Amino acid sequence: MAKFVSNKDESVRLFKNPVLEFFSHIHPVTPVIIYSPVILYFGWQGLNKTGFGLLAVFFVVGVLCWTFIEYFLHRFVFHYEPKTSWGKYLHFLSHGIHHDYPRDSTRLVMPLLISVPIAIVTYIFFMVVFGMYHYAVFSGIVFGYVCYDSIHYAAHHFKMKGRIGNFLKVYHLKHHYSDDHSGYGVSNPLWDYIFGTAPKQTKLPEAVAVVANSQKIYKEEKL
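Start counting the sequence shown at 18; every next residue gets the next number (our numbering).
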């Protein structure tokens with residue numbers, strides 16, 4: 018069973034420096050506002066460079082690339098278990114705090130201090146690899162990232178209805194409350210199935226209990 022410190026929507030201070038502390042918090046809508054123009058700009062450039070058909074193809078390629086980036090970062094970077102005290106400190110700052118306080122609404126989506134450098138490095142890499150097609154690919158990658166952040170926030174704070182929404186919510190909550198060594202995909206389970214890290218199948222009552230636990234907390238906080 019994965020452990021957590023608090024299941025309430027609350028924060029703890031990470032930095033003595035007020036500037037760093039301020040930027041460690043982020044409103045969940047921020048990635049949508051900041052990165053939507055990026056998606057549109059690179060999509061438009063891709064349309065001008067390649068035409069609609071190739072734009073659509075390489076946009077989908079970009080989305081698929083993001084799903085792998087999401088899986089790779091979550092499994093091998095955010096869940097790397099460092100041995101040194103400094104490494105453990107950095108791990109806590111980057112991801113450990115989210116598992117300790119999984120419903121902290123101001124630290125659920127990725128802070129700009131982390132997402133912007135990752136975006137720059139990603140852009141340079143795919144520009145080199147895909148040449149003139151990188152515009153469409155990068156547009157798809159950023160779109161996938163925004164979807165990931167939005168789904169991640171919703172999984173912790175919204176009643177995700179429908180077959181797909183309920184599946185994604187239960188899938189991610191199992192990662193937090195049942196086994197944090199599985200279920201590394203958040204926006205989708207594709208690479209978990211490919212690499213054998215999907216959560217173990219459970220009977221419906223247990224899956225319902227996971228969702229009910231989250232919904233109960235949600236209701237209690239609104240009373």
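By construction, the Cβ of each residue, glycine as well, lies at the ideal position given by its N, Cα and C atoms.
All figures in this text were calculated on a predicted structure; none of them were measured in a lab.
Using a Cβ-Cβ cutoff of less than 8 Å, which residues in the same chain neighbour residue i once the five nearest sequence positions on both sides are dropped?
i	result
F160	I56, F76, G79, V80, W83
S111	V94, F95, I131
L129	F40, I43, T47, I51
L31	L37, E38, S41, L110, I114
CB-CB under 6 Å to residue i, same chain, minus the five flanking residues each way: which ones, in chain order?
i	result
H108	P99
V145	none
A153	G63, L72, F75, F76
S167	none
R92	Y201
A229	For A229, the predicted structure reports a pLDDT of 49, less than 50, and the residue's modelled location is therefore unreliable. The matter cannot be settled from this model.
H192	G200
T67	none
Y150	F75
V29	none
Please classify residue i as buried or exposed, where buried requires at least 16 other C-beta atoms within 10 Å of its C-beta.
i	result
L185	buried
P119	buried
I158	buried
P48	buried
L190	buried
V187	buried
V163	buried
Y165	buried
Which of the three DSSP states is assigned to residue i in this structure?
i	result
V203	coil
S195	coil
T123	coil
K105	helix
Y118	coil
Y210	helix
Once the 5 residues before and after residue i are set aside, which same chain residues still bring their CB inside 7 Å of it?
i	result
W208	T84, F85, Y88, G202
A215	S199, G200, P206, D209
D26	R120, D121, S122, E238
G182	none
F155	F59, G79, Y140, F143
K33	none
Taking 8 Å as the threshold (beta carbon to beta carbon), is residue i in contact with chain D?
i	result
L207	Of the protein chains in the structure, only one exists, and it is not chain D.
| Are the region 38-54 and the region 119-139 touching, with three or more C-beta to C-beta distances below 8 Å? | At 8 Å Cβ cutoff, the stretches touch.
| query | Where are the alpha helix (DSSP H) runs, 4 residues long or more, that stay fully inside the region 129-188, in chain order? | reply | Runs of the alpha helix (DSSP H) lying entirely within the region 129-188, each at least 4 residues long, are 129-147, 151-174 in chain order.
| query | Is it a yes or a no for the region 164-182 touching the region 198-206, going by three-plus beta-carbon pairs under 8 Å? | reply | Between the region 164-182 and the region 198-206 there are three or more inter-stretch CB-CB distances shorter than 8 Å, so the stretches are counted as touching.
| said: If we require 4 or more residues per run, which alpha helix (DSSP H) segments fall completely within the region 21-62? | reply: Correct list: 35-40.
| Are three or more beta carbon pairs between the region 112-124 and the region 35-47 nearer than 8 Å? | Judged by Cβ distances under 8 Å, the region 112-124 makes contact with the region 35-47, as three or more pairs qualify.
| task | Output the residue ranges of the alpha helix (DSSP H) runs that lie fully inside the region 65-104 and measure 4 residues or longer, sorted by chain position. | result | With a minimum length of 4 residues, the continuous alpha helix (DSSP H) runs that stay inside the region 65-104 are 69-89.
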